[in-house]
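This report concerns only the one structure given below.
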Amino acid sequence: MTSLNEWIDMKIKDGNIDYVEYSEFSNVEKVGEGAFGIVNSAHWKSCGIKIAIKILINNSSVDENIMDEFVKELKNLKKVSFHPNINGFFGISKEPLSNKYAMVLEYADQGNLREYLKIHINNLKWSDKIRMASDIVCGLKCLHFKHIIHRDLHAKNILVNNHKLMIADFGSSKQLSEATSVSANSENDIIGMIEYMEPQCFKNIEYKKTKKSDIYSLGVLLWEISSGRPPFLGYQRNILAFHIGFNNLREKPIDDGTPQDYQKLYQKCWDDEPNSRPDIERVYEILCQLKTENSSCLQSPQLSIIEIKNSNIDSNGDLSISDCLNSGESSPAKPLGLFLEEASINNFIQERQLKVKDHEDIVFEWISYNQFDRIKEACKNNFITVYSATWRDGPLYYQHDKYIRDSNKGVSLKFLHSSQNSIEFVINEVKKYSTKNNVFLVLYGISKNPNTNDYILVQNDSMNLTNWISGNEKIDDFIQERQLKINGHEDVIFEWIPYNQFNKIEEIGKNNSITVYSAIWKNGPLYYQHDKYTRDSNKEVALKFLHNSQNLIESVINKAKKYSTKNDEFLALYGISQNPNTNDYILVLFSEEYCVICDEIYTDVQYKWCKPCKFMGWKSGNDEIDNLLIQLKIDEPSDIKFKWIPFNQFNRIRNIGKGHFVTVCSAIWKYEVALLCYNDSQKFLDKVKEFDKNFNIYGLSQN
Numbered sequence: 001m002t003s004l005n006e007w008i009d010m011k012i013k014d015g016n017i018d019y020v021e022y023s024e025f026s027n028v029e030k031v032g033e034g035a036f037g038i039v040n041s042a043h044w045k046s047c048g049i050k051i052a053i054k055i056l057i058n059n060s061s062v063d064e065n066i067m068d069e070f071v072k073e074l075k076n077l078k079k080v081s082f083h084p085n086i087n088g089f090f091g092i093s094k095e096p097l098s099n100k101y102a103m104v105l106e107y108a109d110q111g112n113l114r115e116y117l118k119i120h121i122n123n124l125k126w127s128d129k130i131r132m133a134s135d136i137v138c139g140l141k142c143l144h145f146k147h148i149i150h151r152d153l154h155a156k157n158i159l160v161n162n163h164k165l166m167i168a169d170f171g172s173s174k175q176l177s178e179a180t181s182v183s184a185n186s187e188n189d190i191i192g193m194i195e196y197m198e199p200q201c202f203k204n205i206e207y208k209k210t211k212k213s214d215i216y217s218l219g220v221l222l223w224e225i226s227s228g229r230p231p232f233l234g235y236q237r238n239i240l241a242f243h244i245g246f247n248n249l250r251e252k253p254i255d256d257g258t259p260q261d262y263q264k265l266y267q268k269c270w271d272d273e274p275n276s277r278p279d280i281e282r283v284y285e286i287l288c289q290l291k292t293e294n295s296s297c298l299q300s301p302q303l304s305i306i307e308i309k310n311s312n313i314d315s316n317g318d319l320s321i322s323d324c325l326n327s328g329e330s331s332p333a334k335p336l337g338l339f340l341e342e343a344s345i346n347n348f349i350q351e352r353q354l355k356v357k358d359h360e361d362i363v364f365e366w367i368s369y370n371q372f373d374r375i376k377e378a379c380k381n382n383f384i385t386v387y388s389a390t391w392r393d394g395p396l397y398y399q400h401d402k403y404i405r406d407s408n409k410g411v412s413l414k415f416l417h418s419s420q421n422s423i424e425f426v427i428n429e430v431k432k433y434s435t436k437n438n439v440f441l442v443l444y445g446i447s448k449n450p451n452t453n454d455y456i457l458v459q460n461d462s463m464n465l466t467n468w469i470s471g472n473e474k475i476d477d478f479i480q481e482r483q484l485k486i487n488g489h490e491d492v493i494f495e496w497i498p499y500n501q502f503n504k505i506e507e508i509g510k511n512n513s514i515t516v517y518s519a520i521w522k523n524g525p526l527y528y529q530h531d532k533y534t535r536d537s538n539k540e541v542a543l544k545f546l547h548n549s550q551n552l553i554e555s556v557i558n559k560a561k562k563y564s565t566k567n568d569e570f571l572a573l574y575g576i577s578q579n580p581n582t583n584d585y586i587l588v589l590f591s592e593e594y595c596v597i598c599d600e601i602y603t604d605v606q607y608k609w610c611k612p613c614k615f616m617g618w619k620s621g622n623d624e625i626d627n628l629l630i631q632l633k634i635d636e637p638s639d640i641k642f643k644w645i646p647f648n649q650f651n652r653i654r655n656i657g658k659g660h661f662v663t664v665c666s667a668i669w670k671y672e673v674a675l676l677c678y679n680d681s682q683k684f685l686d687k688v689k690e691f692d693k694n695f696n697i698y699g700l701s702q703n
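When you line the sequence shown up against our numbering, it's residues 1 to 703, in that order.
Put into structure tokens, the structure is as follows:
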């Protein structure tokens, strides 16, 4: 048989359990001891938190059954410890002196429920008691969803940390299939605190505990929260067991200020007949209703209760918890949505929710996939696929002094391919987004495709307003990076623009590395008007073709980074496109005052004329001629456009006359022109200077 140490070694090696070096702990102090182990408190140095260390006693007095319970507790904690109302399990460590393994657990700074009530009962309002009851119910709801029966719920197994209640001690817990199996040890089902045990345990020695056994114990706990004292004080154990089992003994309801529905709830829970007891879903519904009725006690001065519909766990593992958002340091108290599979995702969601400080903050949550309707693919690349969809419940927003849901909200679903294998990647993607509602790209939460197990980022439908998938991962990441920085209406909505969006494309200038065209962008850029984004259709833009850039992605991105992100500054860069014929990338720009070829201010802004760019490429190969071109006076667009013109730009050339030094030809260039051809270069240069003073000359060429 595999020993305890061998089993733990195997789980750590497989990555199923996190290992924490014992040297990480300081200020280790013994705080308790049980039948199977010692509990120490300690400071976890790298995390800066206080934790509990539960060490298994391994000596001759510890039998195999206790070791099995330790393993069982590890397994069940691993499945559910992500939940805020279940004692958090951080991993395994090994005490160096004894070489014994220990569980690293969330520390309860206020002891157990029995101790907490003894100290605080006189200061607790009914809103506090309902919150405490909700904590236990939410934790038990998670256990039952995972088909785990605790089997030993009582006030000493409910820990309190910063006024939050957590279910602990899973040594007696069992999977439902294990608890109801023929081979299950029946003795374990009659061990526990008698005050919290159902009558069937005393009537039938072979009775197998079920989820309804936990409900019975829960009823006693709800009574204890109401009364503030332990149940059945003064009874001897054997007499108490007889009366509970055969005389239907229960504690008397507490009438002093206890809501009638709360009384009825715990009385239903401890009903003698298991089938008459409500399941945890029904208990949760009743408690939520009680919480709503007592909302005036729960509201903070600035933020009221979040009203959340459809808060039950569904088949996809969505657990929504109705609770308060506090404007102070602890807001919000509990998560609105949890995913019952991956602890790190849940921890991250809880961290995000705890950072909600005001009404502009996004209430980030887990969103069940079955919440989405009308799912339609919008665009994709090798790493993601984006769909448009309608979110039935919709996100939370603050209106008229309370939080409500914006139902049937149009959203974008960003499917992260193969993300089930990289939770860290998913979390890092989420961290790129702002936590505010007033930005261009708003991230409402995370979901998961039940068919592929891909994680999904649920965004507002701004993505549907823009094109941003080019097919190249680096380009797409850069576009999203730009969009995530949009936080004001003056910011350019940077996007990927399909080439077929442009018409009336005409060349306006070029050099060795770029060619610039004017064009009409049919849809046009986005701008903010009347509280929404709209497009400026049929917008005239400049297309800056970057030659041979298909293999120089970093260069394209670096060029794009030089442009401002503001609409009212310098050159506005609307986005990136690509020529489907040459695969050259294109920068899509607009400017009233700057030349899009050289990014310098126009020589003449009125005519959008740039002198340096007009000389660009005017090279003949003859130094004397090139020097002459540079010296010519061209300071305004109305001046003669005098440049070097390659001979192959002329068509339909024919002789029309001949002199002593010159042959005259007609030709078609941009329009019909005359070509005066000189054989003597000096005569040619003299004539050029003479023509500059007296005639319209367009340029020079060479046959």
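Cβ coordinates follow ideal geometry from the N, Cα and C atoms, glycine included.
For Arg482, the enclosing alpha helix (DSSP H) covers residues 473–484. Taking C-beta atoms as the reference points, Ser701 and Ile645 count as a pair closer than 8 angstroms. Annotation: the continuous beta strand (DSSP E) that includes Tyr528 extends over 526–529. When DSSP states are grouped into helix, strand and coil, Tyr284 belongs to the helix group. Where Ile215 is concerned, there is no enclosing beta strand (DSSP E), although the alpha helix (DSSP H) around it starts and stops at 211–227.
Following the DSSP letters along the chain, one finds Tyr387 inside the beta strand (DSSP E) bounded by residues 384–391. When DSSP states are grouped into helix, strand and coil, Trp366 belongs to the strand group. Fewer than three beta-carbon pairs drawn from the region 478–494 and the region 392–412 are found closer than 8 angstroms, and the two stretches are therefore not classed as touching. Closest option to Gly445, judged by alpha-carbon separation, among Tyr528, Phe502, Phe348, Lys376: Phe348.
Ranking Glu195, Trp44, Asp135 by CA distance to the CA of Ser93 puts Trp44 first.
For Lys75 and Lys146, the gap between their C-alpha atoms comes out near 12 angstroms.
By the beta-carbon neighbour count (other beta carbons within 10 angstroms, threshold 16), Cys47 is exposed. Between Leu675 and Ile697, the CB-CB gap reaches or exceeds 8 angstroms.
Between the region 132–139 and the region 212–229 there are three or more C-beta pairs closer than 8 angstroms, enough to call the two in contact.
Three or more pairs of CB atoms, one per stretch, sit closer than 8 angstroms, so the region 77–89 contacts the region 100–120. Annotated three-state conformation of Val492 is coil, per DSSP. In this structure, DSSP gives Gly139 a helical state, which the three-state scheme calls helix. Between the region 243–252 and the region 195–213 there are three or more C-beta pairs closer than 8 angstroms, enough to call the two in contact. The alpha-carbon of Thr565 is positioned some 17 angstroms away from that of Asn438. For the options Lys485, Lys448, Ile497, Ile493, the alpha carbon positioned closest to that of Ser470 is the one of Ile497. Counting other Cβ atoms within 10 Å of its Cβ, Arg151 reaches 16 or more and is therefore classed as buried. Scanning its chain for C-beta atoms nearer than 6 angstroms, with the 5 sequence neighbours on each side dropped, one finds no residue around Asp279. Contact between Lys54 and Ala102 holds: their C-beta atoms lie close to 6 angstroms from each other, under 8 angstroms. One alpha carbon belongs to Gln267, the other to Lys252, and they sit about 10 angstroms apart. Per DSSP, Tyr116 lies in no beta strand (DSSP E) segment; the continuous alpha helix (DSSP H) that holds it begins and ends at 113–120. In the structure shown, Val80 adopts helical secondary structure according to DSSP, grouped into three states. Distance from the CA atom of Leu165 to the CA atom of Ile121, rounded to whole angstroms, is 15 angstroms. For the options His359, Val662, Ser666, Phe650, the alpha carbon positioned closest to that of Ile656 is the one of Ser666.
The three-state secondary structure of Leu676, taken from DSSP, is strand.
The secondary-structure analysis by DSSP pairs Cys269 with nothing; it has no beta-bridge partner. In the three-state reduction of the DSSP assignment, Ile553 falls in the helix class. For Glu540 against Ile520, the beta-carbon gap comes to about 6 angstroms, under 8 angstroms, which counts as contact.
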